[in-house]
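Asks: Sharing a structure below in C-alpha cells format, with a few things to ask.
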Amino acid sequence: MLFGQKPTPPALIATDTIVPFHFKDDTLMKNVIMDFYQLFDDVLDPERIHSAIEQLITQNGQWRKCGARIRTNSAGKTDFHIPAHFDRNTRPAVDFHHYDHPMPLEDHPIYPLIPRASGVPQTFKCPTELEQLVAPHGIPSGVDHWVNSDCPLIIFTVVTFSNASFISIKWSHATMDGVTIQAFWQGITAVLANKPEKIPTFAGFDEDPLLPLTTMTAGEEYALHDKCSSGWVFAKFAVNFITEMALHKAEQRYICVPGAYFEEMKRMALAEAKAKATDPNAKIWLSENDVVLSWWSKTVVAALEIPDDVPIAISNTMDIRDFTYGKIPRNSMYMGNALDTAVTFISAKELLEQPLTDISLRTRNDMVRLRSQKQIEAKMALDKAAGGTQFLGPANQVQLLLTNWRKFDFYGFDFSGAIKPGSDSRKGRTTRPGQPATCFFNTFSKMNLRNVGPVIGKDSAGNWWLQWRLRTSAWPKVEKRLMEMTQFGWQQPQIASKL
459 MLFGQKPTPP ALIATDTIVP FHFKDDTLMK NVIMDFYQLF DDVLDPERIH
509 SAIEQLITQN GQWRKCGARI RTNSAGKTDF HIPAHFDRNT RPAVDFHHYD
559 HPMPLEDHPI YPLIPRASGV PQTFKCPTEL EQLVAPHGIP SGVDHWVNSD
609 CPLIIFTVVT FSNASFISIK WSHATMDGVT IQAFWQGITA VLANKPEKIP
659 TFAGFDEDPL LPLTTMTAGE EYALHDKCSS GWVFAKFAVN FITEMALHKA
709 EQRYICVPGA YFEEMKRMAL AEAKAKATDP NAKIWLSEND VVLSWWSKTV
759 VAALEIPDDV PIAISNTMDI RDFTYGKIPR NSMYMGNALD TAVTFISAKE
809 LLEQPLTDIS LRTRNDMVRL RSQKQIEAKM ALDKAAGGTQ FLGPANQVQL
859 LLTNWRKFDF YGFDFSGAIK PGSDSRKGRT TRPGQPATCF FNTFSKMNLR
909 NVGPVIGKDS AGNWWLQWRL RTSAWPKVEK RLMEMTQFGW QQPQIASKL
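Here the sequence shown is numbered in this note's numbering, starting from 459 and rising by one per residue.
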C-alpha cells in the first residue's frame, strides 16, 4: 500500500441486509475496543463453543445481526451489513480462534502474572502477556478493523490448557454494552445446555428504539439543564483532555477488595445515614454499588491530588431499556448501547472532606432523580440535538465514569455444557464445574481514555473486582490508600467513613 493511501473496503454484497447504526452508537466510541475474558478451572471444548455461537446467530432469526459486518456509507455514516447466509469457511458468523497449550496452567509462564485475591485490598497491573495469550492474532485498533475487512462483529477466542481454559470476546463499543454481553452469554449458555427457551428475544433489529424518545414531549425540563454547555466549552474541555494525555501516561489496573470491606462500609454508611435522618421512619437505602462508587471516587481524586476548587463529575451508568415503551423488553438481546449516565457534580474539596455516607446518598439521590421516564426523554432530546451526547458541566471538570457490571453476574454463568468430557480440572478449585473463576476486562483506544472503568463483579469467594485506567503516577497513592484500609481495620468508624 502506498504511503497515505487508505485501505480499500471489501466489495458490497448485494444480498446483505443494511441497517444503519443507531444515533447513540455512531460516535467516536466506536473506536473504543472492548475485551472481556474469563478463566475457568475446567477444560472447555472449543468446538462446542464455536458451534453454539454459530447456532445462536444463524438459527434464531434476528440474532443474525450479531454476525454483521461494519461499513461506512457514502454519507460518512456507519451501517451494519448483515449476510443473508453464513459459512464458516467463507463468511463466518463469528471470528473464532482457538489456541491450545498442552500443559497445566500452573506450568505456563503466564500463571504467576494472573491477578488473584490475597485477602487484602490490592491492585494488579494488566499484564500485556495475558492479552497476548488470549489474542496472539492481534487486537483491533479501532472500527477501521471491521470497515476495511469482512470480519464479523464478534471476535471470540478460546485458549485451553490441560486443566483450565480462557474465553475472550472482543468488540467495538458502538455495537454492544454490558447488558448486551450479558444477553449474549445467556444465549450461548442456553444453547450449550440445550435450553432454547432460555435464549433471549432479539430487539431493535432494524429500528432505533431510542430515537422516538428524542421527540417525546417530556413535560419537564432536564434536571441538569443549567449544566448544559456549548460546543465552545466542550472544545476547551477537549484541549484540557488532550493536554492531560500528552503530559501524563495512563495505566490500566485491576483492583481487588474482599467483600467484607464493602459490607462493613455499607453497614456503617446506612447506620450513619439513619442517625442523621430527621424523620426516624424515613426509608433510607443504599446499594453496594453506591458505596463502591463513592469510595472509589474519593480514592481516585485523592490519588490525583486535584485542587480543591476543581469540579468533579461522577458519572454513574444507568440502563435505560425500561424507558423505551417496550421496544427493548426486559431480558432481551439488543445490539447497541442503551445507556445513559446520572452525573453528580461536586468539588474536589467536598468529595474528600464529606463522609462516605453523604457522598453515597448524594449519588443515589441523583440517580433516582435522573432515572425517570420524563427525565430520560428530556436527556435523549438534548443528546439528539447535540449529535450524540450533550456535554454537561464546565471545561475544567475532571470526569469519573464507573460502570456497574456486578448486576450482570458474569461470575455466575454456567458453561458446564462446554466442558470437554473426561478432561482434568484445577486442583483446589472453589468454583462449581463450568463457573468462571476470574473475570477480566480491558479497553483499547487511540484516545487513551482515563478515569474510566467497570466494577467487573464479585467472585465466588466474595471478592470485588474493578478495572480502572488512571495516571501512572497516581497508582502508588491508590496502593497506599488501600494499605491504610488494612492498617486501620474497622475499629475506627471515623477513619473508615473518610476512606
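We put the beta carbon where it would ideally sit given N, CA and C, even for glycine.
#1: Cβ of residue 489 within 8 Å of Cβ of residue 596?
#2: List the endpoints of the continuous alpha helix (DSSP H) containing residue 506.
#3: Output the residue ranges of the beta strand (DSSP E) runs that lie fully inside the region 856 to 907 and measure 3 residues or longer, sorted by chain position.
#4: Does DSSP put residue 843 in a helix, in a strand, or in coil?
#5: Between the beta-carbon of residue 546 and the beta-carbon of residue 608, is there less than 8 Å?
#6: Does the Cβ of residue 940 have 16 or more other Cβ atoms within 10 Å, making it buried, or fewer, making it exposed?
#7: Hey, quick one: how far does the alpha helix (DSSP H) through residue 628 stretch, first residue to last?
#8: Measure the C-alpha to C-alpha separation of residue 612 and residue 791 and round it to an integer number of angstroms.
#9: So if DSSP puts residue 715 in a beta bridge, which residue, or which two residues, is it bridged to?
#10: Give the range of the alpha helix (DSSP H) segment to which residue 752 is assigned.
#11: Tell me the DSSP secondary structure of residue 579 in three-state form.
#12: Which of the three DSSP states is assigned to residue 608 in this structure?
#13: Could you tell me which residues DSSP puts in a beta bridge with residue 445?
#14: Helix or strand or just coil, what does DSSP make of residue 774?
#15: Distance, Cα to Cα, residue 909 vs residue 475?
#16: Measuring alpha carbon to alpha carbon, tell me which of 495, 521, 943, 636 ends up nearest residue 863.
#17: Roughly how many whole angstroms lie between the Cα atoms of residue 845 and residue 770?
#18: So what does DSSP say about residue 914, is it helix, strand or coil?
#19: Classify residue 705 as buried or exposed, calling it buried when 16 or more other Cβ atoms lie within 10 Å of its own Cβ.
#20: Taking only runs that begin and end inside the region 531 to 565, name each unbroken beta strand (DSSP E) of 3 or more residues, in chain order.
#21: Tell me the rounded alpha-carbon separation between residue 684 and residue 851.
#22: Rounded to a whole number of angstroms, what is the C-alpha to C-alpha distance between residue 657 and residue 639?
#23: With 16 other CB atoms within 10 Å as the buried threshold, where does residue 578 fall?
#24: Check whether the Cβ atoms of residue 700 and residue 752 lie closer than 8 Å to each other.
Replies: In brief:
#1: As a position in the sequence shown, residue 489 is number 31, starting the count at 1. As a position in the sequence shown, residue 596 is number 138, starting the count at 1. No; because the gap between Cβ atoms is not below 8 Å, this pair is not in contact.
#2: For the purposes of this step, residue 506 is taken as the residue at position 48 of the sequence shown. 504 to 516 is the span of the alpha helix (DSSP H), which, as asked, contains residue 506.
#3: 856 to 862, 894 to 902
#4: Residue 843 sits at position 385 when you count from the first residue of the sequence shown. Of the three classes helix, strand and coil, the one that applies to residue 843 here is helix, per DSSP.
#5: Residue 546 sits at position 88 when you count from the first residue of the sequence shown. Residue 608 sits at position 150 when you count from the first residue of the sequence shown. Not in contact: residue 546 and residue 608 (Cβ atoms no closer than 8 Å).
#6: Here residue 940 refers to the residue found at position 482 when the sequence shown is read from its first residue. Under this definition residue 940 is a buried residue.
#7: Sequence index remark: in the sequence shown, residue 628 carries index 170 (1-based). Unbroken run through residue 628 is the beta strand (DSSP E), 623 to 630; no alpha helix (DSSP H).
#8: Taking the sequence shown and counting its residues from 1, one reaches residue 612 at position 154. Taking the sequence shown and counting its residues from 1, one reaches residue 791 at position 333. Cα to Cα, the separation comes out at about 15 Å.
#9: If you number the sequence shown from 1, residue 715 lands on position 257. Answer by DSSP bridge pairing, in chain order: 922.
#10: Working through the sequence shown from its first residue, we reach residue 752 at position 294. Residue 752 -> alpha helix (DSSP H) spans 746 to 762.
#11: Within the sequence shown, residue 579 is the residue found at index 121, counting from 1. It is coil, neither helix nor strand.
#12: Start at 1 with the first residue of the sequence shown, and residue 608 comes out as number 150. Residue 608 falls in the coil class under three-state DSSP.
#13: Coverage of the chain is limited to positions 459 through 957, which leaves residue 445 absent and any answer about it impossible.
#14: Counting from one through the sequence shown, the residue named residue 774 turns up at place 316. Of the three classes helix, strand and coil, the one that applies to residue 774 here is strand, per DSSP.
#15: The sequence position of residue 909 within the sequence shown is 451, counting from 1. The sequence position of residue 475 within the sequence shown is 17, counting from 1. When rounded, the distance between both Cα atoms is 38 Å.
#16: Along the sequence shown, read from residue 1 onward, the residue named residue 863 stands at position 405. Selected option, being the one with the closest Cα: 636.
#17: Position 387 of the sequence shown holds residue 845. Position 312 of the sequence shown holds residue 770. Looking at the two C-alpha atoms, the distance is approximately 24 Å.
#18: On the sequence shown, position 456 is the one that residue 914 refers to. Three-state result, residue 914: strand.
#19: Locating residue 705 in the sequence shown gives position 247, where the first residue counts as 1. Residue 705 is exposed by the Cβ-count criterion.
#20: 536 to 540, 553 to 558
#21: Position 226 of the sequence shown, counting from 1, holds the residue named residue 684. Position 393 of the sequence shown, counting from 1, holds the residue named residue 851. The alpha-carbon atoms of residue 684 and residue 851 are separated by roughly 9 Å.
#22: Counting from 1 along the sequence shown, the entry for residue 657 is found at position 199. Counting from 1 along the sequence shown, the entry for residue 639 is found at position 181. Using only the alpha carbons, I get a separation of about 13 Å.
#23: Taking the sequence shown and counting its residues from 1, one reaches residue 578 at position 120. Exposed, since its Cβ has fewer than 16 Cβ neighbours within 10 Å.
#24: Residue numbering aside, residue 700 sits at position 242 when the sequence shown is read from its first letter. Residue numbering aside, residue 752 sits at position 294 when the sequence shown is read from its first letter. Against a cut-off of 8 Å, the Cβ pair of residue 752 and residue 700 comes out as no contact.
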